[in-house]
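Participant: In the numbering used here, the protein residues as written are 772 to 1160. Note that the Cβ used here is the ideal one computed from N, Cα and C, for glycine as well. Take a look at the following structure, please.
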Amino acid sequence: MIELEGVPELIDPVMVAAFEGWNDAGDAASSAVAHLEKEWKGEVFAALDAEDYYDFQVNRPTVFVEGGTRKVTWPTTRLSVVRVGGERPRDLVLVRGIEPSMRWRSFCNELLGFAHELGVELVVVLGALLGDTPHTRPVPVSGVTSDPDLARTMDLEESKYEGPTGIVGILQEACTHAGVPAVSLWAAVPHYVSQPPNPKATLALLNRLEDLVDLRIPLGELPEDARAWQLGVDQLAAEDSEVAEYVQSLEEARDTAELPEASGEAIAREFERYLRRREPGQSAGGHATEGGETAPFLRDTPSAGADRTRPPKPQRPAPGREPSAPSDAAEADTEAAEKGKPQDGDGSGDSGKASGDAGNGETGGGGENKGEGDKGEGDKGEPDGPVPD
């Protein structure tokens, strides 16, 4: 049994997880969880033993100097808790780490042990893949689950994917077999600007998570970062006629596949999000007290920030490459996003087909990004077919 000290009884907890590596194109998913930790002042209460799950020649430890003393940070996966204040407070268990190198089943069982002890009611795993999607349009985000009942009640796609998978797919299946409701949210990142960071994709994941768990997520400077990122890519693409022409072809394919008007359900979803952000009494952090005020729940801890950086130069499209049409499974989400908040980079839709360099590992098939090596080396896969688990 897992012993947890210093963790209070949680209120309607939801576990939100993301892992650097194969399932994290543009670092969009891991940056989303890092944003939640930063905005809601998460405190790490547990960390998995790095010796059990990581190959240190693949994910190397880092050395740093603090107060004149050299210290080592080992690659691992850490868990933190944040309480979202307001009229209906609830807790989030945040899981952020690196895709393990070995013992995946034990890795998932250990995370499920924490979920059981904390009374987690839903697990949401975030991922990002490369796709034939233009950077000028809302980022497609697809919600997938292996539970048919959950798919109907939460308006998600039921997973039909077959092929290679990463830790996101394995954790989702482990949750299903353990009887824990689980959902994965996938953002499609343009393959021609696949290098991290991608604040627009991070913003899209957070907006979809906000809708899924019915919470108001403080966005901080993320919308401004997303607009600056898109402007930078616009400028870089304009400098290369081949890239500009390719982006235009992707835009035409995307626009042709979308319906001319958003559905009533999509409009209602955007209006509900607008109302949530105007609700009085919603706090950006801390927990609700009897007097209606908020107080710090957990102390602030260092978290990876999303500094505004000039986007890398877009990669030239491969000769003869044609944009792929969006899949039927995600058209509904895409049309909803188009009428939503394009200035924030929100959107949902299909992930399409992808290739290009970014992140971690070699090009893989079947919808996810397979490979190994230190983060930042190699390619992130080439999805082909349904959104991966």
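Please classify residue 812 as buried or exposed, where buried requires at least 16 neighbouring CB atoms within 10 angstroms.
Facilitator: buried
Participant: Among the residues of its own chain, which have a CB less than 7 Å from the CB of residue 923, if the five just before and after it don't count?
Facilitator: none
Participant: Let me confirm a value: residue 1132 is counted as buried when at least 16 other C-beta atoms fall within 10 Å, else exposed. Which label applies?
Facilitator: Caution is warranted here: a pLDDT of 39 is assigned to residue 1132, below 50, making its placement in the model unreliable, and no coordinate value can be reported.
Participant: Ends of the beta strand (DSSP E) at residue 862?
Facilitator: Run containing residue 862: 861 to 869, per the beta strand (DSSP E) assignment.
Participant: Using the Cβ count rule (16 or more neighbours within 10 Å means buried), how would you classify residue 990?
Facilitator: Around the beta carbon of residue 990, a 10 Å sphere encloses 16 or more other beta carbons of the protein chains shown; the residue is thus reported as buried.
Participant: Do the region 862 to 869 and the region 796 to 813 make contact, defined as three or more Cβ pairs closer than 8 Å?
Facilitator: yes
Participant: Whether or not the region 816 to 830 and the region 840 to 851 are in contact is what I'm after, with contact meaning three or more pairs of Cβ atoms, one per stretch, closer than 8 Å; do they touch?
Facilitator: yes
Participant: Measuring alpha carbon to alpha carbon, tell me which residue in 961, 839 and 943 is nearest residue 883.
Facilitator: 943
Participant: Does DSSP put residue 956 in a helix, in a strand, or in coil?
Facilitator: strand
Participant: Could you tell me which residues DSSP pairs with residue 898 in its beta bridges?
Facilitator: Note: residue 898 sits in a beta bridge opposite 957.
Participant: Would you kindly work out how many angstroms separate the C-alpha atoms of residue 983 and residue 824, rounded to a whole number?
Facilitator: 31 Å
Participant: Here's the rule: buried if 16 or more other CB atoms are within 10 angstroms of the residue's CB, otherwise exposed. What is residue 1012?
Facilitator: Exposed.
Participant: So residue 863 and residue 787 are supposed to be a Cβ contact under 8 Å. How far apart are they, rounded?
Facilitator: 6 Å
Participant: Assuming residue 956 contacts residue 976 under a Cβ cut-off of 8 Å, what Cβ separation, rounded to an integer in Å, is found between them?
Facilitator: 6 Å
Participant: Would you call the CB atoms of residue 797 and residue 1014 closer than 8 Å?
Facilitator: no
Participant: Sorted by chain position, which residues of the same chain lie with C-beta nearer than 7 Å to residue 731's C-beta, five sequence neighbours on each side aside?
Facilitator: Past the edges of the chain, shown from 772 to 1160, lies residue 731, and the structure says nothing about it.
Participant: Beta-carbon within less than 8 Å of residue 842's beta-carbon, same chain only, minus the 5 sequence neighbours each way: which residues are those?
Facilitator: 834, 835 and 836
Participant: Excluding five sequence neighbours on each side, which residues of the same chain lie with their C-beta closer than 6 Å to the C-beta of residue 916?
Facilitator: 922, 927 and 954
Participant: Quick check on the burial criterion: 16 or more other C-beta atoms within 10 angstroms. Buried or exposed for residue 1025?
Facilitator: buried
Participant: Using CA coordinates, which residue listed in 855, 925, 903 and 999 is at the minimum distance from residue 1019?
Facilitator: The residue from 855, 925, 903 and 999 with its alpha-carbon nearest to that of residue 1019 is 903.
Participant: Within 10 Å of its beta-carbon, does residue 795 have 16 or more other beta-carbons around it, so buried, or fewer, so exposed?
Facilitator: buried
Participant: Determine the extent of the beta strand (DSSP E) in which residue 1010 is found, giving its start and end residues.
Facilitator: Counting along the chain, residue 1010 falls outside any beta strand (DSSP E), and DSSP gives it neither H nor E.
Participant: Using only the alpha-carbon positions, how far apart do residue 901 and residue 780 sit?
Facilitator: 39 Å
Participant: From this set, 941, 1010 and 856, which residue's C-alpha is nearest residue 783's C-alpha?
Facilitator: Ranking 941, 1010 and 856 by Cα distance to residue 783 puts 856 first.
Participant: Going by CA-CA distance only, name the one from 1007, 785 and 931 that's closest to residue 888.
Facilitator: 785
Participant: In the structure shown, what three-state DSSP assignment does residue 827 receive?
Facilitator: coil
Participant: So what does DSSP say about residue 1151, is it helix, strand or coil?
Facilitator: Annotation note: pLDDT 48 at residue 1151 (below 50); position unreliable, coordinate value reported separately. Coil at residue 1151, not helix or strand.
Participant: Assuming residue 889 is part of the alpha helix (DSSP H), what are its boundary residues?
Facilitator: 875 to 889
Participant: Looking at the structure shown, is residue 840 part of a helix, part of a strand, or coil, going by DSSP?
Facilitator: Residue 840: strand per DSSP, three-state reduction.
Participant: I'd like the span of the beta strand (DSSP E) that includes residue 949, first residue to last.
Facilitator: Note, residue 949: premise wrong, no beta strand (DSSP E); not H, not E.
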